[in-house]
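Sequence order for the protein chains is F and L.
Residues in the first sequence are numbered from 1 upward in steps of one, following this note's numbering.
Residues in the second sequence are numbered from 1001 upward in steps of one, following this note's numbering.
Here a beta-carbon is modelled for each residue, glycine too, at the ideal position from N, C-alpha and C.
Notes to accompany the following structure.
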Amino acid sequence: MTHRPRPTALRSGIALLVLLFAATACGNDAADTPSSEVTLLTHDSFAVPQDVWDEFERTTGIVVTVLQGGDAGTVVNQAILTKDNPTADVLFGIDNTFLSRGLGEDLFVPYRSPALDAVPDSLELDPEGRVTPITFGDVCLNYDTTVLDAATAPEDLRALADPANAGRLVVQNPATSSPGLAFLLSTIVAFPEDSDYPWQTFWSELRDNDVLITDGWETAYYSAFSGGAGEGDRPIVVSYASSPPAEVIFADPRPDTAPTAVVTDGCFRQVEFAGVLAGGERQDAARRLIDFMLSSTFQDEVALNMFVFPANEATPLPPEFVEFTTVPSDPATLSPDLIEANRDSWIAEWTELMR
Amino acid sequence: MIRRLLRSSVAQRAGAAALIGVPTTFLGYFFIYPLVTVLATGLVGGDQSTNPIVDVLGSPSLRGVAWFTLWQAVASTALTLILGIPGAYVLARYEFWGRRFIRAAVTVPFVLPTVVVGTAFLVLLGPDGPLGIDLRRTVWAILIAHVFYNYAVVVRVVGAFWEQVDPRLTEAARVLGATRWRAFVHVTLPLIRPSVLAAASIVFLFTFTSFGVVLILGGFGLATLEVEIYTQATALLDLPAAAALSLLQLVGIGGLLLAYSRFQQRATGEMRMRAAGDTRRRIRGRADRWIVIGNLLVMAVALGSPLLVLLIRSVRAADGFTLGAYTGLADGDVGALAVSPLAAVGTSLRYAAVASVIAVIVGLAAAAVVAYRRGRTARVFDAVLMLPLGTSAVTIGFGFLLALDEPIDLRTSIWLIPLAHALVAIPFVVRSSVPVMRSVRTRLREAAATLGADPLQTWREVDLPLVGRAALVATGFAFAISLGEFGATSFIARPGAPTLPVAIFRLLGQPGSETFGRAMALSVILMVLTGGVMLVLDRFRFEGRGEF
């Protein structure tokens, strides 16, 4: 056998891949083993600059590892699945729509941070103190200011059912979207089931008024909404109170006025909590992390990095948040227990109604 | 002599054991074990008053969802084959300027996140789009997007096989007076059938478990089983229902795969293979020209136009065009991300390199087992290999969390992401290699064995040079799958920097034209990266070409 075909190409292909791996792996040498560590499990929307963690390490000697595992619902379910052998010490990002579930599964051990004194009582939703409010955000109607103005925009939720607003609104499916669920909850608060105008009636009027339902926030905002960066043709969308400031901050050049505005009636407040996970091995470091998340170092960053509001009242808001939006004074809330007890049936009933 | 025989039989057994052992261990530990754990936890764990399987099967809406899942997958697969097979022909059989570039470029759609592609299709299929009709939120939008994503699967899997099929058989039929169509149906199609079936099975699995496309383009009211599983698991936190739906999805897919594998085994025979370069010809005559131009037009419209939308958006400004989105990425000054987007490029490349090495090693060993063994065991093995493609991403992600804590806690390990990517990529490696491996003549192997080669040697010296081309295609796919993988990645609790698709998703999570532009720019970078890797891989050639 003189002719011996050799698979050199495959080999060099594999060699190339290995080289590529080696090349990109350079400069990622493992850090020196730190004196103390803590792991934070959170959702994909979580973001703070690295200097914040550097500051935590400088003052406490504790190194933080951040694990991000999908959207808030997924992360809560991950924590429930691993509660006997948790992957982290602290969970951040469980909100009032999932809170009762997490508490019912005994995910957390109680901890009352001294920093809680700076947090308004209205954000503390667990009387047993198992979770600590860190941020909050309001899901509100946004409108395109090039199409509508303060006079023509809907002044409240009820106005959405007005024929004048036919074909103008885009909302998210509460079964697949967190702001979608928040908006459904705000309508349930505004139009109680036992009133003469229950939420079911309101939604069937919305349906007759040609409401558009999308799977998630991205599709609603970027493809159906006409305002800001949206490419669609509907001037009213379910988004956040912080969206108009984001439209100003993330625009080049920066406009003098926001291209979108918020309807302050009918907002739903989502409070995001952190909790010390039961079964975590580093409870002391976990508690210090929660204290830190309420400190000004951390709270100063949440507005511009996550576009939510700091729970610590002493935190100054960035000027864009003062100028281009309004924090709703009286947002809708529902007790976490009530949400937990009815979430499935409300979503099922809504789906049946809108199908 | 006796010593030599003994040695060869030991080597033989060791070689065979390695071929079976590697894929079995890998899939057993990283797929079957987590899958069984998560299903068991969901279905029998906890204090359940009712049986979740009974509840789910009894739900009236389920039948509609299951039916829709099945028929849209069948329709998507058929449409992709109808458009993709001519495309595979043109890129495999004709030599023309730009062929290599186009072949690399058709793979690009494959890696793009659905949330990005979805926004492009919503423009193209809207009332102001080039079609002029509003197909948004219709089944058509779903089918068209499925063609966009899966065209490359057909072109590359079928094409890699086709370019090694001896063209003289079809030419003979033509000389004997058969029309082009008759020669194709009666001579060529039976020859390429194994690769067509292989491509069809992958496209079917992909579209059967379609998630983002259905959610974004299908609009409210259309859901696949995958969407239902996701909703149950992450929005309603109903793990038992999610597990029951996953089981239903698995049983359906498993049954279809078994039937497929039986059919595939029968459909494949040995044949004479030719080196790819020898089977290609120049375009001559009007018919050739129309075939090539027609297919290039299909590619330009179905694949090119959404990519063009993304490209335009990435350089669009209020007054004309700008590269601001790209320079903005380089600054790394992006809120909502807190990490340099370019670091995401490095992260993704690193994961893709590891994932493709794992997928190619495990996948080729598995393919050898499937190709060389006959009978029921090989068929079951084959079906199991394909299952990861048909398993919901959330199920795999939660399975990892439940199962991989001991003996080494891999749940939050940085290695889990490339492992998950490899799991998705292995079916591609297997499917694109098996048809070629089966076609290698037994006579060649027997000759090698007679000359004293052990099975590993035989495989290396006889099969690999012939299978090499398919293996390269598989490597390319594995790399691309890892670069673009979002589903399984998003359900893993990940430390460290985000991958490109995750970074794009996070940019799109904030309002503002600048973040939107940067998400588009990062998508274009992902496109260029994928196309570049494909071009490099396509340049590799195998020694020992010629006839065997």
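DSSP three-state assignment for residue i, whether helix, strand or coil
| i | result |
| --- | --- |
| Ile94/F | strand |
| Ile1133/L | coil |
| Gln1072/L | helix |
| Glu1547/L | Because Glu1547/L sits at a pLDDT of 31, beneath the cut-off of 50, its placement in the model cannot be relied upon, and the following sentence gives the value as read from the coordinates. In this structure, Glu1547/L counts as coil in the three-state DSSP scheme. |
| Ala25/F | Annotation note: pLDDT 43 at Ala25/F (below 50); position unreliable, coordinate value reported separately. In the structure shown, Ala25/F sits in a helix (DSSP, three-state: H, G or I). |
| Phe1148/L | helix |
| Leu277/F | strand |
| Tyr1094/L | strand |
| Ser1201/L | helix |
| Met1273/L | strand |
| Pro174/F | coil |
| Gly266/F | strand |
| Tyr240/F | strand |
| Phe324/F | coil |
| Arg234/F | strand |
| Pro1240/L | helix |
| Asp138/F | strand |
| Gly1531/L | helix |
| Ser36/F | strand |
| Ile1020/L | helix |
| Gln68/F | strand |
| Glu1446/L | helix |
Partners in chain F for residue i, counting only beta-carbon separations shorter than 7 Å
| i | result |
| --- | --- |
| Asp1405/L | Asn85 |
| Ile1492/L | Gly69 |
Closer than 7 Å at the beta carbon, the chain L residues around residue i
| i | result |
| --- | --- |
| Asp215/F | Leu1215 and Ile1216 |
| Ile412/F | One cannot answer for residue 412/F here, as it falls past the ends of chain F, which runs 1 to 355. |
| Phe307/F | Gln1510 |
| Ser243/F | Pro1511 |
8 Å Cβ cut-off: residues of chain L touching residue i
| i | result |
| --- | --- |
| Tyr222/F | Thr1119, Leu1508 and Phe1516 |
| Asp54/F | What Asp54/F touches in chain L: nothing, since even the nearest Cβ is about 13 Å away. |
| Asn173/F | Phe1220 |
| Asp344/F | Leu1236 and Asp1238 |
| Gly228/F | Pro1511, Gly1512 and Ser1513 |
Assumed close pair residue i, residue j - CB separation to whole angstroms, cut-off 8 Å
| i | j | result |
| --- | --- | --- |
| Val271/F | Asp95/F | 6 Å |
| Ile1216/L | Val1115/L | 7 Å |
| Thr132/F | Gly275/F | 7 Å |
| Val1038/L | Thr1395/L | 6 Å |
| Ala47/F | Met306/F | 6 Å |
| Leu289/F | Val38/F | 5 Å |
| Ser1305/L | Leu1124/L | 6 Å |
| Ala311/F | Ile134/F | 5 Å |
Under 8 Å between C-beta atoms of residue i and residue j
| i | j | result |
| --- | --- | --- |
| Leu1401/L | Leu81/F | yes |
| Gly137/F | Ser295/F | no |
| Leu1143/L | Ser1076/L | yes |
| Ala1160/L | Val1473/L | yes |
| Leu1310/L | Val1524/L | yes |
| Pro1113/L | Ala1152/L | no |
| Ser177/F | Gly232/F | no |
Neighbour list for residue i in chain F, Cβ cutoff strictly below 9 Å
| i | result |
| --- | --- |
| Pro1495/L | Thr39, Thr65, Val66, Leu67 and Gln68 |
| Ala1233/L | Gly73, Thr74 and Asn77 |
8 Å Cβ cut-off: residues of chain F touching residue i
| i | result |
| --- | --- |
| Leu1237/L | Gly73, Val76, Asn77, Ile80, Phe98 and Arg101 |
| Arg1411/L | Thr82 and Thr87 |
| Leu1401/L | Gln78, Leu81, Thr82 and Thr87 |
| Gly1324/L | Asp252 |
| Phe1398/L | Asn77, Gln78 and Leu81 |
Under 9 Å from the C-beta of residue i: neighbouring residues of chain L
| i | result |
| --- | --- |
| Met354/F | Phe1220 and Gly1221 |
| Ser239/F | Pro1511 |
Cutoff 8 Å: residue i Cβ touching any chain C Cβ
| i | result |
| --- | --- |
| Glu231/F | Included in the structure are the protein chains F and L, with no chain C among them. |
Checklist entry - Does the count of Cβ pairs from the stretch 1258-1267 of chain L and the stretch 1366-1385 of chain L closer than 8 Å reach three? => result yes
Checklist entry - Is there contact between the stretch 1442-1450 of chain L and the stretch 1215-1223 of chain L, where contact requires at least three CB pairs shorter than 8 Å? => result no
Checklist entry - At a cut of 8 Å, does the stretch 1487-1495 of chain L reach the stretch 62-72 of chain F through at least three beta carbon pairs? => result yes
Checklist entry - On the three-pair Cβ rule with 8 Å, is the stretch 33-48 of chain F touching the stretch 83-92 of chain F? => result yes
Next on the checklist: Whether or not the stretch 1167-1174 of chain L and the stretch 1137-1154 of chain L are in contact is what I'm after, with contact meaning three or more pairs of Cβ atoms, one per stretch, closer than 8 Å; do they touch?
Outcome noted: no
Next on the checklist: Taking contact to mean 3 or more Cβ pairs, one atom from each stretch, closer than 8 Å, check whether the stretch 158-172 of chain F and the stretch 328-348 of chain F are in contact.
Outcome noted: no
Next on the checklist: Contact between the stretch 1463-1473 of chain L and the stretch 1425-1438 of chain L is defined here as three or more beta-carbon pairs at a separation below 8 Å; is this criterion met?
Outcome noted: yes
Item to check | Inter-stretch contact at 8 Å, needing at least 3 Cβ pairs: the stretch 237-255 of chain F / the stretch 1508-1526 of chain L | outcome: yes
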